[in-house]
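For reference, the structure discussed in these notes is given below.
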Amino acid sequence: MAKETKEAVNPITITNKNGDVYILDYDRASCAAVNKAGFNANEIESNPEEMLPLLFFGAFKKHHRKISKADTDKILEEFGGGIPAKMLDRLVSLYVQVREGLIVEDEEFEENAKNTGWTIEI
Amino acid sequence: MDNRDLIELSDTVEDTSVNKTLQDWELFDKMCPFFMSCGMSYDLYWHGDPYAPRMFYKAQKLQNERHNQEMWLQGLYIYNAFSVVLSNAFSKKGSKPAKYIEKPFPLYPPTKEEREAEALKERQKAIRSFQAMMDAQKRKNAE
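Those protein sequences? They're chains A and B, same order as listed.
Residue 53 in our numbering sits at position 53 of the first sequence; the count goes up by one each step and never skips.
Residue 1143 in our numbering sits at position 143 of the second sequence; the count goes up by one each step and never skips.
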């Protein structure tokens, strides 16, 4: 499906030494699940110890529903205890785009505002 | 629900009814019935393309516009029908009765073929009328 003006963020693929492939991606269900479990995107910087493992765990839920948090924590340990910066950026983008999907394009909003006599300059 | 509602719900993330910030899962839960009313399936909303709701929202807007146009057209037909009825009810005796339109209002401009066919029909009608006039004149002269 076309993404209108925004490019979709590609999922992350990771493979372990046994050749097991994991696709990390987010849909609304996995976002909601991880959010209910305590994840808050605004707290990544202030509380990374708690938020990052949850963000990482949630990204498995779309394609690998049966995986447990203990399993994903173990993978993180094998990574060296944290998430590489590039991967973190992508995970956050994957999470954020699920939210963005509900927001109407700015141009449309601005056009509507213009039709009702408003001008928006940012 | 219009664009502003969507943006308010997802951007300012304030639920005024309980005066607290909406969590993402609350926002998703809240928006789900709206997008389902736009024709989106439950499964697609929760597990499908994150941007799919925008398409359903746009489609819903088009559908609303089309429906509005249909209602307007229906009003025009009803207006026409009432006009015919009232005109016939209050017209003088012996006057030509008003008729309801024979064909639906055209929704699109006629094609080239339709325009040519219509012109041909008009020409044939004029020829027939002229011939009838000539025949009447001949009969009158013969008398």
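Where is the CB? At the ideal position from N, CA and C, for every residue including glycine.
Check: Name the two residues that bound the continuous alpha helix (DSSP H) containing L1062(B).; Outcome: 1052-1090
Check: Does the beta carbon of A1052(B) sit closer than 8 angstroms to a beta carbon anywhere in chain A?; Outcome: yes
Check: When burial is assigned at 16 or more other CB atoms within 10 Å of the CB, is R65(A) buried or exposed?; Outcome: exposed
Check: Could you give the C-beta distance for C1038(B) and A1059(B), rounded to a whole number, given that I count them as a contact under 8 angstroms?; Outcome: 7 angstroms
Check: Compile a chain-ordered list of the residues in the stretch 1059-1079 of chain B whose CB is closer than 8 angstroms to at least one CB of chain A.; Outcome: none
Check: Beta carbons nearer than 7 angstroms to chain A: which residues of the stretch 1028-1042 of chain B have them?; Outcome: F1028, M1031
Check: As a quick exercise: from L88(A), V21(A), P53(A), pick the residue whose alpha carbon is nearest that of E77(A).; Outcome: P53(A)
Check: So, does the CB of L102(A) fall closer than 8 angstroms to a CB anywhere in chain B?; Outcome: yes
Check: For V92(A), name the three-state secondary structure that DSSP assigns.; Outcome: helix
Check: Applying the criterion that 16 or more other CB atoms from any shown protein chain within 10 Å of the CB defines a buried residue, is Y1045(B) buried or exposed?; Outcome: buried
Check: First and last residue of the beta strand (DSSP E) that includes L1044(B)?; Outcome: L1044(B) -> not in any beta strand (DSSP E); alpha helix (DSSP H) instead, spanning 1042-1047.
Check: Which residues of the stretch 82-103 of chain A have a Cβ closer than 8 angstroms to any Cβ of chain B? Give them in chain order.; Outcome: Q97, V98, R99, E100, G101, L102, I103
Check: Applying the criterion that 16 or more other CB atoms from any shown protein chain within 10 Å of the CB defines a buried residue, is K1093(B) buried or exposed?; Outcome: exposed
Check: Determine whether the beta carbon atoms of L55(A) and V21(A) lie at a separation below 8 angstroms.; Outcome: no
Check: How many angstroms separate the CA atom of C31(A) from the CA atom of E1065(B)?; Outcome: 33 angstroms
Check: By how many angstroms is the C-alpha of R99(A) removed from the C-alpha of R90(A)?; Outcome: 15 angstroms
Check: Quick one: give me the first and last residue of the beta strand (DSSP E) that T13(A) is part of.; Outcome: 12-15
Check: By the three-class DSSP mapping on this structure, what secondary structure does I23(A) have?; Outcome: strand
Check: Report the residue from P11(A), F39(A), Y26(A), G19(A) whose alpha carbon sits nearest the alpha carbon of Q1023(B).; Outcome: F39(A)
Check: In terms of alpha-carbon separation, which member of L1027(B), F1090(B), D1049(B), Y1042(B) lies closest to D27(A)?; Outcome: D1049(B)
Check: Over the uninterrupted alpha helix (DSSP H) stretch that includes G58(A), give me the two end residues.; Outcome: 48-60
Check: Is the shortest distance between the beta-carbon of D73(A) and the beta-carbons of chain B less than 8 angstroms?; Outcome: no
Check: Comparing the C-beta of R28(A) with each C-beta of chain B, is any distance below 8 angstroms?; Outcome: yes
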